[in-house]
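Asks:
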């Protein structure tokens, strides 16, 4: 999703069924209002994970 604050998406399991996980840096009311609760018949779950950073380069 091309929304500021969304740091990733994943396929997961919600209540024993496949779902879409939207990974966000911080759950805010504004951001939650822009993310749908379902997409193409699948539940959408929002998980707050913080900022995601890659490892430092090896020199």
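Residue numbers (the numbering used here): -12 to 46. All residues carry an ideal CB built from backbone N, CA and C; glycine is no exception. Just so it is clear, the structure is predicted and the values come from calculations on it, not from any experiment.
1. Which of the three DSSP states is assigned to residue 38 in this structure?
2. Can you look up residue 27 in the DSSP assignment and give me helix, strand or coil?
3. Would you call the CB atoms of residue -5 and residue 22 closer than 9 angstroms?
4. Measuring straight from C-alpha to C-alpha, what distance separates residue -8 and residue 46?
5. Which one of 1, -3, 3 and 32 has the shortest CA to CA distance from residue 18?
Replies: Concretely, from the data shown:
1. Counting from 1 along the chain shown, the entry for residue 38 is found at position 51. Looking at residue 38 - three-state DSSP - the assignment turns out to be coil, as it is neither helix nor strand.
2. Residue numbering aside, residue 27 sits at position 40 when the chain shown is read from its first letter. In this structure, residue 27 counts as coil in the three-state DSSP scheme.
3. Within the chain shown, residue -5 is the residue found at index 8, counting from 1. Within the chain shown, residue 22 is the residue found at index 35, counting from 1. No. Outside cutoff.
4. In the chain shown, counting from the first residue as 1, residue -8 sits at position 5. In the chain shown, counting from the first residue as 1, residue 46 sits at position 59. Rounded to whole angstroms, residue -8 to residue 46 spans 31 angstroms at the Cα level.
5. Translated into positions along the chain shown, residue 18 becomes position 31. For the residues 1, -3, 3 and 32, the minimum Cα distance to residue 18 belongs to 32.
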